[in-house]
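Using my numbering, the first residue of the sequence shown is number 4, and each one after it goes up by one.
Note that CB positions come from ideal geometry on N, CA and C, so glycine has one too.
These notes concern the structure reproduced below.
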Amino acid sequence: MGHDHDHISPAADRRYLIAAMTLLGVFLIGEVTVAILADSLALLADAGHMLTDVGAIAAALWAMRLAARPAHGQWTYGWKRAEILSAALNGITLLVFAAVVGVEAIRRLLDPPDAEGWPMFVVALIGCAVNVAAAALMARANRTSLNVEGAYQHVLSDLYGFVGTLAAAIVILLTGWTRADPVASLVVVALMTYAGVCLLRDSGRILLEGAPAEVDVDDLRRHLLEVDHVVEVHDLHAWTVTSGLPAVSAHLTLGGECFIDGSAPRVLDQVQACLAGHFDVEHSTFQLEPATHLAHEPGMH
Numbered sequence: 004m005g006h007d008h009d010h011i012s013p014a015a016d017r018r019y020l021i022a023a024m025t026l027l028g029v030f031l032i033g034e035v036t037v038a039i040l041a042d043s044l045a046l047l048a049d050a051g052h053m054l055t056d057v058g059a060i061a062a063a064l065w066a067m068r069l070a071a072r073p074a075h076g077q078w079t080y081g082w083k084r085a086e087i088l089s090a091a092l093n094g095i096t097l098l099v100f101a102a103v104v105g106v107e108a109i110r111r112l113l114d115p116p117d118a119e120g121w122p123m124f125v126v127a128l129i130g131c132a133v134n135v136a137a138a139a140l141m142a143r144a145n146r147t148s149l150n151v152e153g154a155y156q157h158v159l160s161d162l163y164g165f166v167g168t169l170a171a172a173i174v175i176l177l178t179g180w181t182r183a184d185p186v187a188s189l190v191v192v193a194l195m196t197y198a199g200v201c202l203l204r205d206s207g208r209i210l211l212e213g214a215p216a217e218v219d220v221d222d223l224r225r226h227l228l229e230v231d232h233v234v235e236v237h238d239l240h241a242w243t244v245t246s247g248l249p250a251v252s253a254h255l256t257l258g259g260e261c262f263i264d265g266s267a268p269r270v271l272d273q274v275q276a277c278l279a280g281h282f283d284v285e286h287s288t289f290q291l292e293p294a295t296h297l298a299h300e301p302g303m304h
């Protein structure tokens, strides 16, 4: 998740996501058809997972469209936070699906059904190819966006599922040990749970207005205090509007001379340059105050 994708435009992101969604959608229709003809519950269950992938990408595309809307009226940030809601939704659906698959896998571990190796092998092989192609397309989009990363994790977990099914099919064909299927499923459940928890942790931090993971608030305060004429920092807040858009606000107490000799605007320039240089924060709001102003701030913290 490096920053080498930061230059990618939202239009290119949309193209990559639409291409991946189309690919998965076509495979989904084929898989449902085969599942009905072969009367296979396992293939239908897998098609359900594919449907959640298509839904995850569709939600990501919808959130992108909302986020692109300009700020208007009461929506002073526009709808940028929609992308984080989409990421949180993807995290929740990953955990729900992990729970459903986990319960079914444990049931099958205790009472293994007669699993047919060859149909599993063929569908898993095609599924691996389709998901590798879809994941490769989505990896080219800007994954520093938590929204795109959420949809990507869905497709990646589906790829793990097919790899697990493929391994289980090979074991069943070679040894006849049908419990290989639920064992592989439980490994995938663990990976899906990890991806879901990571997405909820990152989106939850943003939704609860926590400081960005890359910004140490104590370090931020220390840097602000190192700027000439800044005597004290209070009401310091750091949060994230949406992926890649951190924001900071603070009250800065300046030496009284700044308001007499007119140097306060220069201090503001230095503070904003410090934030942009050290913390990559370009959206900041500062209130500059003389020391005497503290007496008028009952809500100060």
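Exercise. Count the other CB atoms within 10 Å of the CB of N134; is the residue buried (16 or more) or exposed (fewer)?
Worked result: buried
Problem set entry | Whole alpha helix (DSSP H) elements within the region 259–291, 4-residue minimum | 267–282
Exercise. Which stretch, first to last residue, makes up the alpha helix (DSSP H) that contains W121?
Worked result: 120–142
Problem set entry | For W242, three-class secondary structure by DSSP | strand
Exercise. Just to check, is the beta-carbon of W78 closer than 7 Å to a non-hydrogen atom of the ligand MG?
Worked result: The ligand content of the structure shown is nil, which means the ligand MG is not present either.
Exercise. In terms of residues, what are the limits of the beta strand (DSSP E) holding P249?
Worked result: 248–257
For this session: For M4, I'd like the list of residues in its chain whose CB is within less than 8 Å of its CB, leaving aside the five on either flank, ordered along the chain.
Result: Its pLDDT being 40, under 50, M4 is placed unreliably in this model, and the value from its coordinates should be taken loosely. Closer than 8 Å at Cβ, skipping near neighbours: R146, T147, E152.
Exercise. Should I87 and S206 be called a contact, given that it needs their Cβ atoms to be closer than 8 Å?
Worked result: The Cβ atoms of I87 and S206 sit closer than 8 Å to each other.
Exercise. With C-beta atoms as the reference, is F124 less than 8 Å away from A172?
Worked result: yes
Exercise. Any contact of the region 256–265 with the region 218–230, i.e. 3+ C-beta pairs under 8 Å?
Worked result: Judged by Cβ distances under 8 Å, the region 256–265 makes no contact with the region 218–230, as fewer than three pairs qualify.
For this session: Out of I175, V103, G280, state which residue places its alpha-carbon closest to the alpha-carbon of P115.
Result: I175
For this session: Kindly identify the DSSP beta-bridge partner or partners of D52.
Result: Correcting the residue type first, residue 52 is His in the shown sequence and not Asp. Answer is none; H52 lacks a bridge partner.
Exercise. Less than 8 Å separating the beta-carbons of H93 and A137?
Worked result: Note on residue identity: the sequence assigns Asn, not His, to residue 93. Contact flag unset, no.
Problem set entry | Runs of alpha helix (DSSP H) lying entirely within the region 137–207, each at least 4 residues, in chain order | 149–178
Problem set entry | Where W78 falls: helix, strand or coil (DSSP) | strand
Exercise. Got a sec? Which residues, its chain only, sit under 6 Å from P185 by beta carbon, not counting five neighbours each side?
Worked result: So the qualifying residues of the chain are A108, R111, L112.
For this session: Report all residues from its chain with a CB closer than 8 Å to the CB of P73; omit the five preceding and five following residues, and keep chain order.
Result: G81
Exercise. Can we say the region 187–194 touches the region 206–221, given the rule of at least three CB pairs closer than 8 Å?
Worked result: no
Problem set entry | Pick from V233, G247, H157 that is closest to L98, judged by C-alpha positions | H157
Exercise. How many angstroms separate the CA atom of T96 from the CA atom of L40?
Worked result: 28 Å
For this session: Could you check what DSSP says for H226 in three-state terms: helix, strand or coil?
Result: helix
Problem set entry | Own chain partners of L162 with C-beta closer than 6 Å, once the 5 adjacent residues on each side are dropped | N134, A138
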